[in-house]
Amino acid sequence: MADENAERGSEWWRGCVIYQVYPRSFQDTTGNGSGDLKGITARLAHIASLGADAVWLSPFFKSPMADMGYDVSDYRDVDPMFGTLEDFDALIAEAHRLGLKLIIDQVISHSSDKHEWFVESRASRDNAKADWYVWADAKPDGSAPNNWQSLFGGPAWE
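Structure (structure tokens):
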């Protein structure tokens, strides 16, 4: 299937087989109970042998893990739980050697409250990143501005 998808050029993804990997529950190579990038790299040949054309990699960036890694605090680094940037470079190299494409689940639509963008946005209504997040003043009694609920339970404003 990889040759067929190569012929599609910019639409390589149409009809290809994509294997999703959630790093935390994949293979653990350190014995700490959590999967890691080295574990994924070690299994890429098996994934390719299944006929996959691409691997979709769920977040592995630095995170306080309040949202299972989707609350990214640094998009430029690997969370130590999963390894290092060098481990990620090795994963990319092995994927490409095997003819696999790598799709990174880069969650730009939201971040951790620890991310520098959030911290800067929150610091002032007048700074360059003030409008990078949705802000609203509390009601006069101090309660949330509206009844928006988080998918994780409770008000979306916390």
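Going from the sequence shown to the working numbering is simple: count from 1 and add 18. The beta carbon of each residue, even a glycine, is placed where N, CA and C say it ideally should be.
Go ahead and pull the three-state DSSP assignment for residue i.
i                : result
phenylalanine 78 : coil
alanine 141      : helix
proline 163      : coil
methionine 19    : Reliability fails at methionine 19, whose pLDDT of 49 lies under 50, so the model's placement of it is uncertain and no value is given.
Of all the options the options, which has the alpha carbon lying nearest to the alpha carbon of residue i?
i                 : options                        : result
alanine 63        : Ile126, Val39, Glu112, Gln167  : Glu112
aspartate 54      : Glu104, Gly27, Gly69, Trp30    : Glu104
glycine 51        : Met99, Glu29, Ser91            : Met99
leucine 109       : Ile126, Phe78, Glu134          : Phe78
tyrosine 151      : Asn145, Asp159, Asp144, Ser139 : Ser139
serine 129        : Ala84, Gly27, Val73, Asp144    : Ala84
phenylalanine 170 : Ile122, Asp89, Ile121          : Asp89
serine 28         : Lys119, Phe44, Ser127          : Lys119
In whole angstroms, what separates the C-alpha of residue i from that of residue j?
i              : j              : result
glycine 33     : serine 142     : 47 Å
glycine 117    : glutamate 176  : 44 Å
lysine 157     : asparagine 164 : 8 Å
alanine 66     : aspartate 155  : 51 Å
histidine 114  : tryptophan 30  : 15 Å
glycine 87     : serine 81      : 6 Å
tryptophan 153 : proline 41     : 32 Å
lysine 147     : alanine 174    : 20 Å
tryptophan 135 : glycine 49     : 34 Å
glycine 101    : threonine 59   : 11 Å
Assuming residue i and residue j make a contact with CB atoms under 8 Å, what is their CB distance in whole Å?
i             : j          : result
valine 96     : glycine 69 : Contact flag wrong, Cβ pair sits at about 28 Å.
aspartate 71  : glycine 57 : Not quite, the Cβ-Cβ distance comes to about 21 Å (not below 8 Å), so this is no contact.
valine 73     : valine 125 : No, valine 73 and valine 125 are not in contact; Cβ-Cβ is about 17 Å, not under 8 Å.
aspartate 123 : serine 76  : 5 Å
ask   = What runs of the alpha helix (DSSP H), each 4 residues or longer, lie entirely inside the stretch 42-126?
value = Taking only runs of at least 4 residues, the alpha helix (DSSP H) segments lying wholly in the stretch 42-126 are 55-67, 103-115.
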